[in-house]
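A.B. asks: Chains as they are written, first to last, in the working numbering: chain E, 1 to 544; chain P, 1 to 544. Positions of the beta carbon are idealized from the N, C-alpha and C atoms, including for glycine. Please read all numbers here as calculations on a predicted model, not as lab measurements. Please see the structure below; I have some questions.
Structure (structure tokens):
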């Protein structure tokens, strides 16, 4: 690295999470924070109030001897106290560890152990999760978060404190210290389909820069209203709480909800004039259904819904646009990338003349890299492939908010290459600079030195009216290394033939790419969260 | 500073100016750069072309042995080569030194000496400035920038190279190295009314963060078109070239112009659909006049004109708004602050019900701090004053793009306090968080332990129909330390009396604040650039 003449600017002024909150409370003291409590009532505070509470929280953390170096686990929904912890824990130099309540119990125990968490803060509604961990982990104590008097809470946990009792009587002012910016502010563990969860430790610096990237990309300012719909125990809530506080927006916290009980979240979106929200298609889809049933379609023409985790279906994007004017923006990233890497919002001027259908198709792409992230697509020798929209390779990412290693793990060499993180995704970059994913690396079919996208082929097969579902896997082949095999489920029990499949693929795939076999199935194997399990398909094929 | 658990993110990935250009060329290769040449013709290139030229420039700098540690002075207007130098010089780890062509020759010599600049790049039209410096400075050589063949240029400079000759034949690819982010990328010298120019060395980090701040505050993206009207030899061009490149916008470079010859700049604003521009009121005012004379008023309703250096007159803000829909945004800062500290664009929601006149008045304030800058107003003991809109004190600023010292100068203690830069401005902060400047520290009248704003009083006096101009100074007083004295110039030779002045001040000032004396003058002393010279008024008062 080159080193030039020293500057005379405030280079030692660190990028800290605390700065975001101090800025919000100082410049936007009356911006509202609207939050839903466990008892389903709504309440309101503002940034001035939040800074007072976070100051009390910092004193409380001091009183528990939570200091730089301490890791604090959190089990909570999108509640106000969770937001306070997002700023309070890092403010004393400690690490806030996200505990994903959807993890298998053994994985949760592994995460607490591996991260050496010393305290766990738990919402009253998740006490049973905490209690199931209690005798398997080694923590100093538990802090229960509840709106009830602590005397009304009964729990088998030992060394229990109560959040509100800890805060009560603490001073509402705290002398926040600067924190070295490469110190971790947050930690989360990713859950792959194989292996143990992997730790990702987000620094104050990386989250601060991610916050600026998010605010710029979505043009968020103090006239906006941000609602974090994505659970706050997932991937730092995609940086939305930090983005909201940094920009001084009104915030709406929906508390506890599920995809089956999300009507009130959609209602709050409309009632509170939310202009920015995030979520997976699995959450946005039922919200759209709820809005469809309102007597009058709401005007959400200023609303940006950032959809991540999987590609948003066209029906979701068009549905929101037609009904409400809201813009569903495809965002791409992962826990290892803080997560925002690229986004797909306003169409580039040079593409303004595309036919409508192509514009919609383009909107499904992963989009343009955000300033600060570098994306490249590489071939088998890690050579960078051209931006031609055709050259398919693994997507590698680097930048100030992209992971550079997994702490305390020995498979780092497989997942990192010369400072770049290997996403495990396969994609292309178009001449206009758009990233488009075509597959997962483990699912792409490597046949005769070429790659065939299993996802592209599945989508094409599903265009056949007789097909309900399709899955394409690569199976070992002596001559070609791998060959594609398609599994299809017929719509309403229809019989799907190899000819049907070949017919619908003819225009879009070369002859050598067509699947050797078409297997008609009753259903496709899926994980507990509904993800297609190709691993099982491959195993079944092998054993037959 | 606290130090916590290490993170696992790319914290060592440095914030570099080169990243901005690589991002623009990679993601927005066809975004246009429209530029006016010295011969007044317009030409076009794009970011892909710019990266090729900057790569050639980097090779050329290598060939001149310009390396990390070298300082390169530039004498140029808002030309394309100037923009190339903005990225090319920092890209090899060297410092680009802005040479303000408006400086007195002795000051220019001082700046070149003090900065130890080793090379000076000079536009053909400024050769006479370079030649007048040549025998007084000690540089290794000069590089002349011209569109003509070098054989047509005659100059008395020795060790002369020609920019285009240096670039010709160089490879269009360059392996840009990462640069330690606290290395200086740019240097500029501030010109106060007293003392020698003071150096400000902007780091890659500080300018990168300023760029993100600018992009967020003005919501700039790749659909925008940015025109840097402020001379590119002033205060890093307010960071607008970096902001434009970072966001991948189209750029319009107006080349050489002056306030007297700015019609074509206004024309380009309209013709090229410029949506973001910067400038002093002295430049925007004649542009507005030009636009008024067009047969049809242009629609600039998506255009943000950032006005800095002095408070924009109400007539300018309203004029642009009424005629074109353009929003004149007051921005506050100084060379020491990169420069953007605060801005005044969209009104806070809580102020939406203010009467129209009060909204316009508020728009003249310096506005809300940008995320990343901290502003406080302090009293005589450096104690922070409340945000009550009344407590007047000196404005102190700190943050990652605010100066922390003046290199190689010994009056740092007077201008810095515990990491904060003393702006020398006097102001208040309103309960809504708006900064409003009321005076310069050296002009405020300290009377009986209280401060009286000379500017507020001048503005009030000038509301009297008989008054053309007014200046208020503090004169020494045994009992009260200082007392105000007003100097007034009558409109069309009108006689202005003390009673006239008292009458117009009665509502707005307390009795003890009224000026002890009112002196009627024929004219007020001004500097060569038209600035009121209160120093001379004070001296005249003392000598009488």
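Considering only C-alpha positions, which residue in the set 396(P), 371(P), 58(P) and 390(P) is nearest to residue 383(P)?
C.D. replies: Here the closest residue by C-alpha is 396(P).
A.B. asks: Kindly indicate the opening and closing residues of the beta strand (DSSP E) around residue 203(P).
C.D. replies: Unbroken beta strand (DSSP E) run through residue 203(P): 198-203.
A.B. asks: My output table needs one value for residue 297(P): the three-state DSSP class, helix, strand or coil.
C.D. replies: It is coil, neither helix nor strand.
A.B. asks: Residues of the segment 369-403 of chain P with a CB closer than 7 Å to any CB of chain E: list them in chain order, please.
C.D. replies: Going along the segment 369-403 of chain P in chain order, one finds 369, 371, 398, 399, 400, 401, 402 and 403 with a Cβ nearer than 7 Å to chain E.
A.B. asks: Let me know the secondary structure DSSP gives residue 329(E) once reduced to three states.
C.D. replies: Three-state result, residue 329(E): strand.
A.B. asks: In whole angstroms, what separates the C-alpha of residue 234(P) from that of residue 328(P)?
C.D. replies: Each residue's alpha carbon lies about 20 Å from the other.
A.B. asks: Per DSSP, what kind of secondary structure is residue 92(E) in: helix, strand or coil?
C.D. replies: In the structure shown, residue 92(E) sits in coil (DSSP, three-state: anything other than H, G, I, E or B).
A.B. asks: Leaving out five residues before and five after residue 318(P) in sequence, what residues of the same chain have Cβ atoms less than 8 Å from its Cβ?
C.D. replies: The residues are 360.
A.B. asks: Relative to the alpha-carbon of residue 302(E), which residue among 451(E), 269(E) and 61(E) has its alpha-carbon at the smallest distance?
C.D. replies: The shortest Cα separation from residue 302(E) among 451(E), 269(E) and 61(E) belongs to 269(E).
A.B. asks: Mind pulling the alpha helix (DSSP H) runs of 4 or more residues that sit fully within the segment 232-316 of chain P?
C.D. replies: Correct list: 240-247, 263-271 and 281-292.
A.B. asks: Identify, in the order they occur along the chain, each residue of the same chain with its Cβ nearer than 6 Å to the Cβ of residue 339(P), setting aside the five sequence neighbours on each side.
C.D. replies: Closer than 6 Å at the Cβ level, and outside the excluded window around residue 339(P), lie 235, 238 and 333.
A.B. asks: Please list the partners that residue 94(E) has in chain P, where partner means a Cβ-to-Cβ separation under 7 Å.
C.D. replies: Simply 4.
A.B. asks: In whole angstroms, give me the CA-to-CA distance for residue 539(P) and residue 457(P).
C.D. replies: C-alpha separation (whole angstroms): 20 Å.
A.B. asks: Alpha carbon to alpha carbon, what distance is there between residue 404(P) and residue 484(P)?
C.D. replies: Near 34 Å, if we compare the C-alpha coordinates of residue 404(P) and residue 484(P).
A.B. asks: What are the residues in the segment 178-190 of chain P lying within 7 Å of chain E by C-beta distance?
C.D. replies: Cβ contacts with chain E come from 178, 179, 180, 182, 183 and 184.
A.B. asks: So which residues on chain E does residue 200(P) lean against when the C-beta distance must stay under 7 Å?
C.D. replies: Within 7 Å Cβ-Cβ: 8.
A.B. asks: Any idea if residue 527(P) is buried or exposed, counting beta-carbon neighbours within 10 angstroms, 16 or more meaning buried?
C.D. replies: Residue 527(P) should be labelled exposed.
A.B. asks: Comparing C-alpha positions only, which one of 504(E), 305(E), 451(E) and 110(E) sits nearest to residue 470(E)?
C.D. replies: For residue 470(E), the nearest C-alpha among the options comes from 504(E).
A.B. asks: Please give me, in chain order, every unbroken run of the alpha helix (DSSP H) with length at least 4 that falls completely inside the segment 432-506 of chain E.
C.D. replies: Whole alpha helix (DSSP H) segments, 4+ residues: 454-462 and 498-505.
A.B. asks: Near residue 216(P), what residues of its chain come up, given a Cβ to Cβ distance below 8 Å and the 5 sequence neighbours on each side ignored?
C.D. replies: Around residue 216(P): 370 and 371.
A.B. asks: What are the residues of the segment 68-85 of chain P that lie near chain E, defined by any Cβ-Cβ distance shorter than 9 Å?
C.D. replies: Those residues of the segment 68-85 of chain P that come within reach of chain E (Cβ to Cβ, closer than 9 Å) are 68, 69, 70 and 71.
A.B. asks: In chain order, what residues of the same chain have a beta carbon less than 6 Å from the beta carbon of residue 42(E), not counting five sequence neighbours either side?
C.D. replies: Excluding sequence neighbours, residue 42(E) sits near 36.
A.B. asks: For the alpha helix (DSSP H) that residue 50(E) lies in, which residues bound it at each end?
C.D. replies: Run containing residue 50(E): 47-63, per the alpha helix (DSSP H) assignment.
A.B. asks: Should residue 208(P) and residue 98(P) be called a contact, given that it needs their Cβ atoms to be closer than 8 Å?
C.D. replies: Not closer than 8 Å, so no.
A.B. asks: Tell me which residues share the same chain as residue 172(P) and place their Cβ nearer than 7 Å to its Cβ, disregarding the 5 neighbours each side in the sequence.
C.D. replies: Excluding positions up to five away in sequence, the list reads 52, 55 and 56.
A.B. asks: Name, please, each residue of chain P whose Cβ falls closer than 8 Å to the Cβ of residue 483(E).
C.D. replies: The premise fails here: residue 483(E) is roughly 36 Å from chain P at the closest Cβ pair, so nothing lies under 8 Å.
A.B. asks: Looking at chain E, which residues of the segment 45-71 of chain P have a Cβ within less than 8 Å of any of its Cβ atoms?
C.D. replies: Here the close residues are 68, 69 and 71.
A.B. asks: Please determine, among 3(E), 12(E), 170(E) and 50(E), the residue with the shortest C-alpha to C-alpha distance to residue 63(E).
C.D. replies: That would be 170(E), whose Cα lies nearest to the Cα of residue 63(E).
A.B. asks: Tell me, which residues are paired with residue 71(P) by DSSP?
C.D. replies: Paired residue(s): 95(P).
A.B. asks: Show which residues of chain P have a CB atom less than 8 Å away from the CB atom of residue 329(E).
C.D. replies: Those do not exist, as residue 329(E) stays about 13 Å from chain P at its closest Cβ, beyond 8 Å.
A.B. asks: Under a CB-based cut-off of 8 Å, is residue 230(E) close to chain P?
C.D. replies: Not an interface residue.
A.B. asks: Nearest-angstrom Cα distance between residue 198(P) and residue 9(E)?
C.D. replies: Taking the straight line from one Cα to the other gives about 13 Å.
A.B. asks: Counting contacts by CB-CB distance shorter than 8 Å, is residue 30(P) in contact with chain E?
C.D. replies: Yes, residue 30(P) counts as interfacial toward chain E.
A.B. asks: To the nearest angstrom, report how far apart residue 418(E) and residue 18(P) are at their CA atoms.
C.D. replies: Their Cα atoms are separated by approximately 19 Å.
A.B. asks: Residue 35(E) by DSSP, collapsed to three states: which one?
C.D. replies: In this structure, residue 35(E) counts as strand in the three-state DSSP scheme.
A.B. asks: Can you check which of these residues, 143(P), 147(P) and 76(P), is closest to residue 161(P) by C-alpha distance?
C.D. replies: Comparing Cα-Cα distances from residue 161(P) to each of 143(P), 147(P) and 76(P), the minimum goes to 143(P).
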